[in-house]
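A.B. asks: Under this note's numbering, the first residue of the sequence shown is numbered 153, with each subsequent residue one higher.
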Amino acid sequence: MSYVDGFVIPVPKARLDEYRKLARLGRKVWMEHGALAYHETVADDAPVGKLTSFPRSVKLKDDEVVVFSYIVYRSRAHRDKVNKLAMNDKRFAKMDWKKMPFDGKRMIFGGFKTIVSA
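1) When the distance is taken between beta carbons, is arginine 226 closer than 9 Å to glycine 263?
2) Could you check how far apart the C-beta atoms of tyrosine 190 and isoleucine 223 are, in whole angstroms? I think they sit under 8 Å.
3) Between which two residues does the beta strand (DSSP E) harbouring lysine 173 extend?
4) CA-CA distance, methionine 153 and leucine 212?
5) So, for lysine 165: in the same chain, excluding its five sequence neighbours on each side, which residues have a beta-carbon less than 8 Å away from its beta-carbon?
6) Candidates Val194, Gly186 and Ser209: which alpha carbon is nearest valine 200's?
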């Protein structure tokens, strides 16, 4: 079964185009290094829940939107190999990680084993 890295990210609406540019680079790098699929999505129907929700999970501000992203791999070992190659890619070396178009401190991420797939 496949393995998935998932991310929930608060992105300022005013910086969404900047984020999209970064996401396109990420897609290119991860896919070139072997990821099976790469998706970046923007919340279109993610209401604030009473107890939990995507907006609450990242302490979403009024001027932000939730981005849900995921990358698919063959296995955990494949993910570890691809991530190592991607993070060492020269295209990321010139980036200023302190000037990302989102608040990385409020980003939620994790790796997940697939238990059902179609």
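Backbone N, C-alpha and C fix where the C-beta goes; we use that ideal spot for every residue, glycine too. All values derive from a computational prediction rather than experimental measurement.
C.D. replies: Quick look at the numbers:
1) No, the pair does not count as a contact, with Cβ atoms beyond the cut-off.
2) Tyrosine 190 to isoleucine 223, Cβ: 5 Å. Contact.
3) Run containing lysine 173: none in the beta strand (DSSP E); it sits in the alpha helix (DSSP H), 168–184.
4) For methionine 153 and leucine 212, the distance between alpha carbons rounds to 33 Å.
5) Answer for lysine 165: Asp215, Glu216 and Val217, listed in chain order.
6) Nearest of Val194, Gly186 and Ser209 to valine 200, Cα basis: Ser209.
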